[in-house]
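Protein chains in written order, with our numbering: chain A, 25 to 345; chain B, 25 to 345.
Cβ coordinates follow ideal geometry from the N, Cα and C atoms, glycine included.
What follows is a short report on a single structure.
Number of protein chains: 2
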Amino acid sequence: MDLSYILAPVQAEMALVEERLRSVTGVSYVRFAQLLEHALKGTGKRLRPALTLLCGRFYPCNRDSLVSIATAMELLHTATLIHDDAIDNSEVRRGEATLNSMWGEKSAILVGDYLFAKSAELAASVGSIRVVTLYAHTLMAICSGEIDQDLTPRGQGHSQRRYFQRISNKTASLFAAATELGGLLGQAPEGALGALRSYGHNLGIAFQIVDDILDFIGEGEEMGKPVGSDLMQGTLTLPAILLLEREPRDNPVLAVLADRDKPANLRRAIEMVRNSSIIPECYRVAEGYCSRAQKALRRLPHNPVSGLLSDLLDYIVERHK
Amino acid sequence: MDLSYILAPVQAEMALVEERLRSVTGVSYVRFAQLLEHALKGTGKRLRPALTLLCGRFYPCNRDSLVSIATAMELLHTATLIHDDAIDNSEVRRGEATLNSMWGEKSAILVGDYLFAKSAELAASVGSIRVVTLYAHTLMAICSGEIDQDLTPRGQGHSQRRYFQRISNKTASLFAAATELGGLLGQAPEGALGALRSYGHNLGIAFQIVDDILDFIGEGEEMGKPVGSDLMQGTLTLPAILLLEREPRDNPVLAVLADRDKPANLRRAIEMVRNSSIIPECYRVAEGYCSRAQKALRRLPHNPVSGLLSDLLDYIVERHK
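Printed below as a string of structure tokens:
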């Protein structure tokens with residue numbers, strides 16, 4: 025499954041989003057411009073703006089507003105990644121050194137805040153109170169997810185319920201906003217907005233589960249970050265939670281949480297997950313969310329992009345990074 | 025000049041703002057709740073929400089919306105202080121240890137982001153696109169001011185023009201938003217909005233100049249932070265800029281900027297400022313801005329709070345912390 029095929033109908037608008045992102049880096053402070061360029065360079069998949077643009081095809085809407093909101097989604101996403109990496113002390117993302125690892129936490133705070141402010145300006149610029157209200161709630165959801173991840177004491181928060189609540193806030197809320205906003209700009213009826221939101225939410229959950237799978241089975245080089253990063257940082261993801269459920273005692277996951285300085289425990293946890301049926305089970309869970317997203321798509325008007333949004337679900341599950 | 029006298033007419037609404045601020049700390053993570061309580065405890069003067077409430081008296085408006093926006097102003101202010109303190113490595117503010125000094129930069133990022141998100145939610149909650157647009161522009165202005173402060177190389181940015189531009193962004197923009205929003209909620213006519221904005225802006229500039237004066241002449245204990253903090257952090261304020269203009273060579277200000285580890289230079293800079301006519305000159309400049317604020321007040325309808333807003337200008341200049 026090729027992402028460029030899925031994005032073909034919105035290629036022109038994606039180029040406009042890139043242009044807007046580049047314009048954000050045009051500040052008069054040379055050093056700050058460098059930080060922004062590092063933060064916004066096109067190594068990501070730009071999935072969130074793509075979703076806004078594709079979902080904007082169901083109901084006719086102003087193209088400039090759509091590009092603004094798509095850009096706001098990517099800026100908000102980037103801002104949260106930068107602050108998250110600083111909070112988590114992450115050194116690598118998408119195969120690149122993180123901003124905090126290169127220029128320190130202070131730069132990460134400043135760049136993140138600046139991108140937040142830019143995205144808020146863009147969200148406000150389209151002149152719709154529903155758009156900014158959804159934007160503000162999304163900001164709060166992402167924050168709540170991050171708080172839950174960082175403040176749950178190491179070794180607690182084992183439950184699947186907590187996991188799904190956290191990824192719903194931290195990841196799926198922005199996907200759901202990206203898809204719903206595409207409809208909101210075209211004054212889609214409430215039923216269609218609900219369907220767009222449900223598609224985005226379920227796609228977002230599936231996306232995060234696959235991300236969490238790849239953290240266990242991916243090759244570090246391809247992933248652009250070390251294998252087992254989440255567990256090392258004390259974040260319990262679905263594969264780790266399933267391993268804990270199956271082996272409540274003498275579980276290397278607990279050993280990693282108790283003492284992160286023993287890499288042998290991490291290696292053992294990764295091996296146990298890989299040698300069990302946990303990974304296929306996680307994929308089945310992700311596919312369940314994709315089915316719900318498919319169902320939501322069927323509640324939307326027939327449209328040439330429907331098929332592509334359906335293909336995107338396959339892409340999300342099949343991707344390797 | 026007593027602040028409680030000025031705030032008497034909005035005392036009930038100020039209590040509601042305090043209640044809203046307390047409710048922000050009601051999160052289920054005990055440790056995070058502690059951080060929020062530390063961040064929001066009532067040691068500040070709450071000037072910004074007070075301005076919104078007082079300015080809300082010129083045109084009748086919904087009381088609940090007014091309290092929401094007043095609360096949003098204080099939350100945004102607090103969020104920026106927390107991130108600024110983390111960026112500047114500040115250890116003390118208002119006589120209290122800063123969040124970053126007590127719990128580290130990561131906590132400061134998280135708490136600041138959470139308060140930003142809360143304030144954005146409140147700003148969006150009143151359902152006015154003009155309110156959120158002004159809010160977003162203010163966020164961007166504050167960010168730009170912080171970037172200018174942090175990214176201007178030490179020893180540059182000597183000009184008064186740069187100084188006024190920076191404090192206009194960093195400080196006065198939020199005061200101007202606080203006053204204009206009070207009018208916006210009451211659908212004040214454009215002329216009145218301009219007057220409210222001008223009052224807030226000029227008051228904000230005067231406030232910052234006095235703050236910068238106090239950094240040179242205040243008593244550390246009363247101020248709640250060490251004397252000369254700004255210069256020590258490489259920030260050139262009006263007294264330092266005037267000293268540089270008068271003594272371009274052999275100036276201890278330059279010596280502090282070149283090497284912050286020699287406290288004798290800082291002591292000498294403070295002494296030179298204190299023994300010159302610079303402080304009275306700075307006060308004259310601040311009073312000039314107060315006069316502009318007074319002029320703006322006269323463009324507003326006659327109202328019992330007009331006199332209090334005028335008194336507030338005197339309070340700002342005469343205060344000792």
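For the alpha helix (DSSP H) holding residue i, just list the boundary residues, first then last.
i, result
"B/Leu209", "Here B/Leu209 belongs to no alpha helix (DSSP H), and DSSP marks it neither H nor E."
"B/Val155", "Ile153 to Leu175"
"A/Ala288", "Pro287 to Arg298"
"B/Asp283", "Per DSSP, B/Asp283 belongs to no alpha helix (DSSP H) and is neither H nor E."
"B/Gln184", "Gln184 to Ile191"
"A/Thr104", "Arg87 to Asp112"
"B/Thr76", "Leu71 to Cys79"
"A/His62", "Val54 to Leu64"
"B/Asn327", "Taken as a continuous stretch (DSSP letters only), B/Asn327 belongs to no alpha helix (DSSP H), as it is neither H nor E."
"B/Tyr29", "Leu27 to Leu31"
"B/Ala39", "Gln35 to Val48"
"B/Glu115", "Careful: B/Glu115 lies outside any alpha helix (DSSP H) and carries neither H nor E."
"B/Asp137", "Leu123 to Ser149"
"A/Arg308", "Ile302 to Arg322"
In whole angstroms, what is the alpha-carbon distance linking residue i and residue j?
i, j, result
"A/Ile133", "B/His326", "44 Å"
"B/Ile265", "B/Gln184", "7 Å"
"A/Ile314", "B/Ala110", "In the sequence as presented, Ile is not what sits at residue 314 of chain A; that position holds Cys. Computed Cα separation, rounded: 41 Å."
"A/Val341", "A/Lys319", "17 Å"
"B/Leu217", "A/Thr67", "45 Å"
"B/Arg118", "B/Lys249", "7 Å"
"B/Ala202", "A/Leu198", "30 Å"
"A/Leu139", "B/Arg154", "21 Å"
"A/Leu158", "B/Val280", "48 Å"
"B/Arg343", "B/Asp26", "10 Å"
"B/Asp236", "A/Val51", "27 Å"
"B/Thr49", "A/Arg270", "38 Å"
"B/Met296", "B/Arg72", "34 Å"
"A/Gly242", "A/Val234", "10 Å"
"B/Ser89", "B/Val329", "19 Å"
"A/Leu105", "B/Asp174", "22 Å"
"B/Phe56", "A/Asp112", "16 Å"
"B/Leu40", "B/Val34", "10 Å"
"A/Trp127", "B/Ile171", "15 Å"
"A/Lys69", "A/Gln257", "24 Å"
"A/Gln180", "A/Ser28", "41 Å"
"A/Arg273", "A/Leu267", "10 Å"
"A/Thr176", "B/Ser131", "13 Å"
"B/Arg291", "A/Ala141", "38 Å"
"A/Ser114", "A/Leu337", "28 Å"
Taking 8 Å as the threshold (C-beta atoms), are residue j and residue i in contact?
i, j, result
"A/Gly215", "A/Arg323", "yes"
"B/Asp262", "B/Val277", "With the sequence shown as reference, residue 262 of chain B is identified as Leu, and Asp is not the correct amino acid for it. Contact: no."
"B/Cys85", "B/Leu209", "yes"
"A/Gly252", "A/Ile294", "yes"
"B/Val156", "B/Ala165", "no"
"B/Leu260", "B/Tyr187", "yes"
"A/Thr195", "A/Phe231", "yes"
"A/Ala103", "A/Ser152", "no"
"B/Glu37", "B/Val116", "no"
"A/His107", "B/Glu145", "no"
"A/Ile30", "A/Leu332", "yes"
"A/Arg44", "A/Thr95", "yes"
"A/Ala200", "A/Gly169", "no"
"B/Asp137", "A/Cys167", "yes"
"A/Glu129", "B/Glu311", "no"
"A/Arg221", "A/Glu204", "yes"
Contact criterion: CB-CB distance below 8 Å. Does residue i meet it with respect to chain C?
i, result
"B/Ile340", "No chain C appears in the structure shown, which is made up of the protein chains A and B."
Contact list for the segment 50-74 of chain A against chain B, Cβ threshold 8 Å: Val51, Tyr53, Arg55 and Phe56
Taking a Cβ distance cut-off of 8 Å, strictly less, list which residues of the segment 141-163 of chain B are near chain A, in chain order. Ala141, Lys142, Ala144, Glu145, Ala147, Ala148, Ser149, Gly151, Ser152, Ile153, Val156, Thr157, Tyr159, Ala160, His161 and Leu163
At which residue ranges does the segment 234-267 of chain B contain complete alpha helix (DSSP H) runs of 4 or more residues, listed in the order of the chain? 244-247 and 253-256
Under 7 Å (Cβ pairs) to chain B, residues found in the segment 257-279 of chain A: Under the 7 Å Cβ criterion, the segment 257-279 of chain A contributes no residue.
Could you name the residues of the segment 169-198 of chain A whose beta carbon sits closer than 7 Å to any beta carbon of chain B, in the order they occur along the chain? Glu170, Ile171, Asp174 and Leu175
Mind checking the segment 114-136 of chain B against chain A and listing, in chain order, the residues whose C-beta falls within less than 7 Å of any C-beta there? So the list reads Glu129, Lys130, Ile133 and Leu134, given in the order they occur along the chain.
Members of the segment 80-95 of chain B that neighbour chain A once the beta carbon cut-off is set at 8 Å: Residues: none.
Taking Cβ-Cβ distances below 8 Å as the criterion, which residues of the segment 95-108 of chain B are in contact with chain A? If the cut-off is 8 Å between Cβ atoms, the segment 95-108 of chain B has His107 near chain A.
For the segment 303-316 of chain B, which residues have a beta carbon sitting closer than 8 Å to at least one beta carbon of chain A? none
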